[in-house]
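The letter at position 442 of the sequence shown is residue 442 when you use my numbering, and the numbering goes up by one with no holes. For each residue, glycine too, the CB sits at the ideal point set by N, CA and C. Here the structure is a predicted model, which means the values were calculated and not measured. Everything on this sheet refers to the single structure shown next.
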Amino acid sequence: MPYIDTTPAAYPVKLQEGNAQEKLGELLGQYWTIAGTTATKHNFFKLAFDNALNNPSSSPLADDLFEVVLARHYVYANREGKVLGLAMKATREFKYSEISANATTAARADVLTFVNSLAGSEWFYEQLVGLITNTVWHFYVAEAEPVLTARFETVDTDKKLIKMAFDADIERAALDIEVYKTAWESNTGGGFDFKIKDANMAIFQSPITNSIMRTAHMEDLYSEAYSTEHLHTNWWEDSEIRIQGLIDENNCFLTIQSDNVPAWEGGAVPTIPLYFSKIDPLDPGDDVYGFFTGTVAANDESLAAIAAFDYDDPSRVNFAKSYMPILKTYPGKPSNGIDTVMISRSKLGSRYQEYFLSWNTAPNLMPPLREQDGKQYPRAWNNSSSVAANFQFNPSRYSNKVHSSKVYLVHPEEGARGSLLHTIGLSALNFNSGKLRVRKQNCPDKLYDVFRYHLIEGVSPLTKRPGTPFRPIGMGIFDEAASDADPV
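Below you can see the structure in the form of structure tokens.
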């Protein structure tokens, strides 16, 4: 289970903003596949549009607007066949006159024919593919891979696309991987009814998280004054995304960060976690998976709101949006994967419920406040000038040891289920080392496990209530290659 760090210039797999989905599959595939090529099982586009555009009974006006969303999906699978998905999307509204101008005539019948044709698919694809946002990542997990072979349209010869109308949240439809086809059917009253014609409910797609990797408030890619594309930014297609953490044949616990050099203040470019892994169960044979990620704070509202976000507020508003699969609601507190941990299955079968982190630590109200000038993100207070230097849980000044703990997953009804795999938690106060040596039990004194220290900055179960009782958790991620060495 090697420790991953893509920072060195010579590292063989580099994630860039223009190829992050593809390269993440290659990075995971080094350990998730026997051949070591790619963990990507499927990559495809899903185009969803307002079903009123496709309704034979409707008579749109020229200025009527129709929302269309194009999502680019990559579906990864580990050696046990457990599925992790990542989608990125573009959204745009089209005037009916803009769409009808591409049909053979403006007649309603010809527009319907165009919308449902391969030519229509190609036109929508070309209008939207260049608008896909590479830094808003939509993660989901599933119990099975989608079966897609017979459902694709061919666009640009090599692009796979599924196109469907939907009658509600179009973004939700584009991110769903269980429903593939809808249609209007004539009814006995002479009208039409909207129906779902092709779906695979056995996939068990989870709620879909919305993970904002970097705030968009410092960028402007379109000039209204000149009606043309411009690039008021300092992030590009080849801007690297740093990945650090652990990957083995079935699991990963990674930290992800866009280039933060142009904006290192204010929490605008935070470190985001990605945990997709088995848990270390208390009950032998319990083989469930846990998942969580993170996002920029304050739902990316403004730079000031991001910097002043209240991590102690247990409210779920104003920081993350999650999407449900079209035909599932998972009633009763499903996890959003952002401020709680999503567990694939409860002991008795419920899917994707929210679990919380529990570990041996000081009370959250114990000083210091972990706040500097009203700002709570770690870089604001975790420095030498902070009053945190005057308080414990610090490393002992006598033994140089630091308190650490397993990080348990608990549910109000089930109790403790297990702990995060290959992970320990420790206080983030005054810990300034990159590595932590933990003496193995029942082994000679010179054998140690080594954990690499990480401090997450965005909103995640590691940094925000109610996910953790003390924020933020200083995370130790296991480094097998550095373990078992003689102590220095």
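Query                                                                                                        : Result
Other residues of its chain near T91: CB distance less than 6 Å, five sequence neighbours each side excluded : V69
CB contact check: G337 to chain B, cutoff 8 Å                                                                : Among the chains of the structure shown, chain B does not appear; only one protein chain is present.
Inter-residue spacing [alpha-carbon to alpha-carbon] between F431 and V407                                   : 18 Å
Assigned secondary structure, P56 (DSSP; H/G/I helix, E/B strand, else coil)                                 : coil
Which residues DSSP lists as bridging E93, in chain order                                                    : E67
Boundaries (first-last residue) of the beta strand (DSSP E) holding Q257                                     : 252–258
Three-state secondary structure (DSSP) of Q205                                                               : coil
Best match in K347, S57, T295, R379 for proximity to N187 [C-alpha to C-alpha]                               : S57
Within 8 Å, strictly: CB atoms of K95 and L65                                                                : yes
Secondary structure of F44, DSSP reduced to three states                                                     : strand
Status (buried if at least 16 other CB within 10 Å, exposed otherwise) for T37                               : exposed
Beta-carbon proximity of G337 to I306, cut-off 8 Å                                                           : no
Distance between beta carbons of E93 and E122, contact taken as under 8 Å                                    : With 8 Å as the limit, E122 and E93 do not qualify as a contact, their Cβ atoms being about 19 Å apart.
Residues near G374 in its chain [Cβ-Cβ closer than 8 Å; skip 5 each side]                                    : A308
L409 beta carbon less than 8 Å from that of I343                                                             : yes
Proximity to T271 [Cα-Cα], best of V288, L327, I162, G294                                                    : G294
Residues near L327 in its chain [Cβ-Cβ closer than 7 Å; skip 5 each side]                                    : E178, V179, A199, M201
DSSP three-state assignment for R151, whether helix, strand or coil                                          : helix
R491: first and last residue of the uninterrupted beta strand (DSSP E) it sits in                            : Residue 491 is absent from the structure shown; the chain starts at 1 and stops at 488.
For V288 and K278, the rounded distance between their alpha carbons                                          : 6 Å
Cβ-Cβ separation, D5 to Q244 (assumed contact under 8 Å), whole Å                                            : 5 Å
L118 versus E153 - alpha carbon distance                                                                     : 7 Å
Cα-Cα separation, H230 to L221                                                                               : 5 Å
Supposed contact pair L84 and Y125 - C-beta distance, whole angstroms, cut 8 Å                               : Not confirmed; about 25 Å, so no contact.
Rounded straight-line distance, which links the Cα of L365 to that of P314                                   : 14 Å
Strand pairing of P334, partner residues [DSSP]                                                              : Q353
Three-state class that DSSP yields for W32 in the structure shown                                            : helix
Where S117 sits in the DSSP three-state scheme                                                               : coil
Sub-8 Å separation of Q353 and K321 beta-carbons                                                             : no
Beta-ladder partner(s) of Y226, from DSSP                                                                    : Per DSSP, none; premise fails for Y226.
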